[in-house]
Amino acid sequence: MTMNDNDKVIRILIVEDEAIIGMELQVRLVRQGYEVPFVVDTGIKQLTRPESCNRI
35 MTMNDNDKVI
45 RILIVEDEAI
55 IGMELQVRLV
65 RQGYEVPFVV
75 DTGIKQLTRP
85 ESCNRI
């Protein structure tokens, strides 16, 4: 996936309770050009992060 200046970066939030799987997904998605700002193990944790409102 190649991006130019007109393309928007797609951000993906990974919610995965197995840390190794979450990290592997993050690496693969970043290599494909996506932005993965966080890997969390529950959706509740993400919803309670104040900085998440503007990033995802």
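Just so you know, we're using my numbering here: the sequence shown kicks off at 35 and counts up by one. Each residue gets a CB set at the ideal place from its N, CA and C atoms; glycine is no exception. What you are looking at is a predicted structure, and each value in this text was computed from that prediction instead of being measured.
In the DSSP annotation of this structure, the continuous segment of the alpha helix (DSSP H) that includes Leu59 starts and ends at Ala53 to Arg65. Each residue's CA atom was taken as its position, placing Val43 and Ile54 some 25 Å apart. Its chain contains Gly56, Leu59, Gln60, Val70 and Val73 as the residues whose beta carbon lies nearer than 7 Å to that of Ile48, once the 5 sequence neighbours on both sides are disregarded; these appear in chain order.
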